[in-house]
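Colleague: Below is one structure. I have some questions about it.
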Amino acid sequence: MIEVDHLTKVYPGGVEAVRGISFTVEPGEVFGLLGPNGAGKSTTIGMLTTTVMPTSGSARLAGHDVATDPLAARSVSSVVFQEPVVDRPLTGRRNLELHASLWRTPRPRLAELAIAFGLEDLLDRPVESYSGGQRRRLEIARALLSEPEVLFLDEPTVGLDPRIRHELLDVIAGLRNRGNLTLLLTTHYLDEAEQLCDRVAIIHRGEIVALDTPAALRASLGDEIVELRVDGDGEHVLTRMREHGVADATAFAVGSTVTVPLVDRGAAITLAEIEVLELPVMGVSTRRPTLDDVYLRLTGGRLAEAA
Amino acid sequence: MSAVSQAPTLVSARPRRPSRTQSLRTLAGRRLALTARTPRELVVPLLTPVLFALVIAPALKTALHTSAAYESYVAIGTVGLLIPLNAFFLGLGVIVDRESGAQRELLAAPVPRGLLVLGNLVVALAITGLQIATLVGFAVARRIHFAVHGAHVLWFVAAVVLLTVSMYGAAETLAARIPRQEEYIARIPAIAIAPWFLAGSLFSITAMPVGLTWIARFLPLTHALALMRYGLNGDSTGLHAIWRMGHADDMAALSLLVLAGFALLLIRVAIRVFSRSATA
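If you read the protein sequences in the order shown, they are chains A and B. Just add 2 to the spot in the first sequence (first one is 1) and you have the working numbering. Note that the working numbering numbers the second sequence so that position 179 is 165, with each residue one more than the last.
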């Protein structure tokens, strides 16, 4: 449904926002682009929605090339942008009607979506009087009006309070179970990616550094990890651990934290070996790996900090 | 709440792609709805021309001891001020769309990008028509006389339409290139008002030094004003000042051609610049 081949965007001034990324998304799949702000996620969405001109490479939506057949590509897709894009002086109803008219959607669907998104009592108010969550619901309802084959959600829950955020996550999760809608969403929230996505591409400085299911990405770090808080430079401690065979290439250090994935050994043995080395350890914990660990190992930066 | 309830069932039927006419109507309707909620875009451009028609033209007539025709001369001249002002104020809507984010939604719609410009142009033409009707109505109420000769009024209408297209094209281009409203507004006097003083609005272009007269001949506004006076007042002196030919209709046709060329060029440039800058 979505085919991206060596897609590149270099902005004026030489800023390489996206560097030759490639991936495909199957019909009905929920695909996530995970990465911090500035990683190139929104630029990728921009190119796929034909609102940003690619510098090179190609992308197709339902077989329509976004560069050579942009009208067809736009007619099969909808997008919920990161920033509000509604006409605030106009009422919610007028905003929906405009979208329906531009995408030539039957009006009855408008009422159906308004009810589904709890907007029926708000529709005749100017959008400028909506709360952030109400406006977001309107934007998602509007994007669904045209019955898109591909729906892009660019950081759909950014700026929302936790309650509305979780409600929207439920709605997005519900979309995947109905019809054959293909979803591509960008996020820097790990829980969103884990909860919603069939597959996740981790994007870092414009490049995809990992692409797989959330479970497979976590599994690359084994079933469990040991995390050490050390006194001093973590890299120095990690080097000593590697010299003594306590850690392998999958282990990594950021600041004074050393993370050791337990791919083919037990926690008890590893902890005993660490104790023998008499490292300057201030604290030890074991836990299951998360996507944050995957991101950290691949990029050397914690996702929450980068975002 | 659950304000967000159950997600709707999605059916697989594809919506048809809208026709260009329908899209244009929708885009123009949107712009009109937004403009109607922004009185400044309707009223501000009208203030100065109405002031000219009602106060300044009669005052100048008295001070300069000119004939009664001078009031109608200036009244038509004020149309040449109204159209650029109106077009450039409407151009602000493009920047507002960009700053508010609404432009991205329009860019993602399955309509050719050029229609976004043309939709705005339709509204510019409609509002300009309304404002000129208001201006002429004020002038007539002030007992300013226009000597309309039958079908000659079509020269006036054509000049109004083509000048509006030209000016709106220039406004869209400027709005696409200028990032902020403040910077855009700061440029309006130089682009929309300064040519008015050179284009034969208050006096014939032949009254200026030769160099400025020649510059005036290349301004679309000069041709537009000459055509408007020919159409609404039967006065071909403006056309003579440009072309120095004998037959008024021939000169009017030439000025119309020049104006049409400007209109076509400027609106094409506007579409091109908008399409490129919006998806850079």
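Note that the Cβ used here is the ideal one computed from N, Cα and C, for glycine as well. Values in this document were obtained by computation on a predicted structure and should not be read as measured data.
Relative to the alpha-carbon of Gly161 (chain A), which residue among A:Glu149, A:Arg138, A:Leu153, A:Ser148 has its alpha-carbon at the smallest distance?
Modeller: The count along the first sequence starts at 1 and reaches residue 161 (chain A) at position 159. Looking at the Cα atoms, A:Arg138 is the closest of the given residues.
Colleague: Thinking just about the alpha-carbon of each residue, which of B:Pro181, B:Gly115, B:Ile62, B:Ala22 is nearest to the one in Pro35 (chain B)?
Modeller: Start at 1 with the first residue of the second sequence, and residue 35 (chain B) comes out as number 49. If we check each option's Cα against that of Pro35 (chain B), B:Ile62 comes out closest.
Colleague: Using 10 angstroms around the beta-carbon of His101 (chain A), count the other beta-carbons present and answer buried if the total reaches 16, otherwise exposed.
Modeller: Mapped onto the first sequence, residue 101 (chain A) falls at position 99. Classification of His101 (chain A): buried, given that the 10 Å Cβ count is 16 or more.
Colleague: Cβ of Gln270 (chain B) less than 8 Å from any chain A Cβ?
Modeller: Here chain B covers residues -13 to 266 and nothing more, so residue 270 (chain B) does not appear.
Colleague: Any contact between the region 284 to 294 of chain A and the region 248 to 256 of chain A? By contact I mean 3 or more CB pairs, one from each, below 8 Å.
Modeller: No, they do not touch.
Colleague: With 8 Å set as the bound, which would you pick, yes or no: does the beta-carbon of Gly115 (chain B) sit closer than that to a beta-carbon of chain A?
Modeller: As a first step, residue 115 (chain B) is located in the second sequence; it is residue number 129 there, counting from the start. Not an interface residue.
Colleague: Along chain A, in chain order, which residues have C-beta atoms closer than 7 Å to that of Glu85 (chain B)?
Modeller: For the purposes of this step, residue 85 (chain B) is identified with residue 99 of the second sequence, where counting begins at 1. Residues of chain A passing the Cβ test: none, with the nearest at roughly 10 Å.
Colleague: Below 6 Å CB to CB, which residues in the same chain sit around Ile257 (chain B) once its five sequence neighbours on both sides are set aside?
Modeller: Locating residue 257 (chain B) in the second sequence gives position 271, where the first residue counts as 1. Result list for Ile257 (chain B): Gly100, Val103, in chain order.
Colleague: Determine whether the beta carbon atoms of Leu155 (chain A) and Ile174 (chain A) lie at a separation below 8 Å.
Modeller: The residue you call residue 155 (chain A) lines up with position 153 of the first sequence. The residue you call residue 174 (chain A) lines up with position 172 of the first sequence. Their beta carbons are under 8 Å apart, which means Leu155 (chain A) touches Ile174 (chain A) by this criterion.
Colleague: So, Gly186 (chain B) versus Leu225 (chain B), is the Cβ gap smaller than 8 Å?
Modeller: Locating residue 186 (chain B) in the second sequence gives position 200, counting from the first residue. Locating residue 225 (chain B) in the second sequence gives position 239, counting from the first residue. Not a contact, by the Cβ cut-off of 8 Å.
Colleague: In chain B, which residues lie with their C-beta within 9 Å of the C-beta of Asp89 (chain A)?
Modeller: As a position in the first sequence, residue 89 (chain A) is number 87, starting the count at 1. In chain order: Arg16, Ala19, Leu20, Asp83, Ser86, Ala88, Glu91.
Colleague: Below 8 Å between beta carbons: does that hold for Ile23 (chain A) and Leu186 (chain A)?
Modeller: Locating residue 23 (chain A) in the first sequence gives position 21, where the first residue counts as 1. Locating residue 186 (chain A) in the first sequence gives position 184, where the first residue counts as 1. No, the Cβ-Cβ distance between Ile23 (chain A) and Leu186 (chain A) is not below 8 Å.
Colleague: By the criterion of Cβ-Cβ separation under 7 Å, what are the contact partners of Arg23 (chain B) in chain A?
Modeller: Translated into the one-based positions of the second sequence, residue 23 (chain B) becomes position 37. Under the 7 Å cutoff, chain A gives Pro91.
Colleague: Check for me: the beta strand (DSSP E) holding Asp214 (chain A) runs from which residue to which?
Modeller: Your numbering for residue 214 (chain A) matches position 212 in the first sequence. That run of the beta strand (DSSP E) goes 209 to 214.
Colleague: Shorter than 8 Å from the beta carbon of Thr53 (chain A) to some beta carbon of chain B?
Modeller: In the first sequence, counting from the first residue as 1, residue 53 (chain A) sits at position 51. True, the Cβ-Cβ gap to chain B drops below 8 Å.
Colleague: Within 8 Å, do at least three Cβ pairs link the region 88 to 97 of chain A to the region 118 to 131 of chain A?
Modeller: Cβ pair count under 8 Å is three or more, so yes.
Colleague: Quick one, which of B:Phe132, B:Ala19, B:Gly66 has its alpha-carbon nearest Ile179 (chain B)'s?
Modeller: Position 193 of the second sequence, counting from 1, holds the residue named residue 179 (chain B). Looking at the Cα atoms, B:Gly66 is the closest of the given residues.
Colleague: Can you pull the chain A neighbours of Val147 (chain B), defined as C-beta to C-beta under 7 Å?
Modeller: As a first step, residue 147 (chain B) is located in the second sequence; it is residue number 161 there, counting from the start. Those do not exist, as Val147 (chain B) stays about 26 Å from chain A at its closest Cβ, beyond 7 Å.
Colleague: Taking just the CA atoms, how far does Arg230 (chain B) sit from Thr114 (chain B)?
Modeller: Within the second sequence, the letter at position 128 stands for residue 114 (chain B). Within the second sequence, the letter at position 244 stands for residue 230 (chain B). Cα-Cα distance, rounded: 31 Å.
Colleague: With DSSP collapsed to three states, give me the class of Tyr297 (chain A).
Modeller: The residue you call residue 297 (chain A) lines up with position 295 of the first sequence. Residue state, collapsed to three classes: helix.
Colleague: Given a cut-off of 8 Å on the beta-carbon distance, is the pair Val211 (chain A) and Leu300 (chain A) in contact?
Modeller: Your numbering for residue 211 (chain A) matches position 209 in the first sequence. Your numbering for residue 300 (chain A) matches position 298 in the first sequence. For Val211 (chain A) and Leu300 (chain A), yes; Cβs fall inside 8 Å.
Colleague: With a threshold of 8 Å between beta-carbons, can Ser77 (chain A) be considered close to chain B, or not?
Modeller: Residue numbering aside, residue 77 (chain A) sits at position 75 when the first sequence is read from its first letter. Cβ-Cβ to chain B under 8 Å: yes for Ser77 (chain A).
Colleague: Quick one: Cα of Tyr216 (chain B) to Cα of Thr199 (chain B), how far?
Modeller: Locating residue 216 (chain B) in the second sequence gives position 230, counting from the first residue. Locating residue 199 (chain B) in the second sequence gives position 213, counting from the first residue. The straight-line gap from Cα to Cα measures roughly 19 Å.
Colleague: Would Ala68 (chain A) and Thr52 (chain A) be called neighbours here (beta carbons separated by less than 8 Å)?
Modeller: Sequence index remark: in the first sequence, residue 68 (chain A) carries index 66 (1-based). Sequence index remark: in the first sequence, residue 52 (chain A) carries index 50 (1-based). The question names Ala, but residue 68 (chain A) is Val in the sequence shown. For Val68 (chain A) and Thr52 (chain A), yes; Cβs fall inside 8 Å.
Colleague: Taking the alpha carbon of Val262 (chain A) as the point to measure from, which residue in A:Glu229, A:Ile271, A:Arg242 has its own alpha carbon closest?
Modeller: As a working note, residue 262 (chain A) is residue 260 in the first sequence. It is A:Glu229 whose Cα lies nearest to the Cα of Val262 (chain A).
Colleague: At a cut of 8 Å, does the region 78 to 97 of chain B reach the region 236 to 251 of chain B through at least three beta carbon pairs?
Modeller: In short, these stretches do not touch, since the Cβ pair count stays below three.
Colleague: Throw me the rounded Cβ distance for the Pro96 (chain B) and Leu149 (chain B) pair, which I believe falls under 8 Å.
Modeller: As a working mapping, residue 96 (chain B) is identified with position 110 in the second sequence. As a working mapping, residue 149 (chain B) is identified with position 163 in the second sequence. Pro96 (chain B) to Leu149 (chain B), Cβ: 33 Å. No contact.
Colleague: To the nearest angstrom, how far is the alpha carbon of Ala249 (chain B) from that of Glu169 (chain A)?
Modeller: Position 263 of the second sequence, counted from the first residue, corresponds to residue 249 (chain B). Position 167 of the first sequence, counted from the first residue, corresponds to residue 169 (chain A). If I take the Cα positions, the gap works out to 52 Å.
Colleague: Tell me which residues share the same chain as Thr10 (chain A) and place their Cβ nearer than 7 Å to its Cβ, disregarding the 5 neighbours each side in the sequence.
Modeller: The count along the first sequence starts at 1 and reaches residue 10 (chain A) at position 8. The answer, listed in chain order, is Val20, Arg21, Gly22, Pro56, Thr57, Ser58, Gly59.
Colleague: Between the C-alpha atoms of Arg178 (chain A) and Ala172 (chain B), what's the straight-line distance to the nearest angstrom?
Modeller: Within the first sequence, residue 178 (chain A) is the residue found at index 176, counting from 1. Within the second sequence, residue 172 (chain B) is the residue found at index 186, counting from 1. Their Cα atoms are separated by approximately 50 Å.
Colleague: How big is the Cα-Cα spacing for Leu28 (chain B) and Ile69 (chain B)?
Modeller: Within the second sequence, residue 28 (chain B) is the residue found at index 42, counting from 1. Within the second sequence, residue 69 (chain B) is the residue found at index 83, counting from 1. Going by the C-alpha atoms only, they are around 12 Å apart.
Colleague: If I measure Cβ to Cβ from Thr159 (chain B) and keep anything under 6 Å in the same chain, skipping five residues before and after, which residues do I get?
Modeller: On the second sequence, position 173 is the one that residue 159 (chain B) refers to. Closer than 6 Å at the Cβ level, and outside the excluded window around Thr159 (chain B), lie Val255, Ala256, Val259.
Colleague: When DSSP labels each residue in this structure, what does Gly134 (chain B) get in the three-state scheme?
Modeller: Counted from its first residue, the second sequence places residue 134 (chain B) at position 148. The sequence given here places Val at residue 134 (chain B); Gly does not occur at that position. Note: Val134 (chain B) maps to coil in three-state DSSP.
Colleague: Which whole runs of the alpha helix (DSSP H) in the region 65 to 126 of chain A are 4 residues long or more, in chain order?
Modeller: Complete alpha helix (DSSP H) runs here, min 4: 72 to 77, 94 to 104, 110 to 118.
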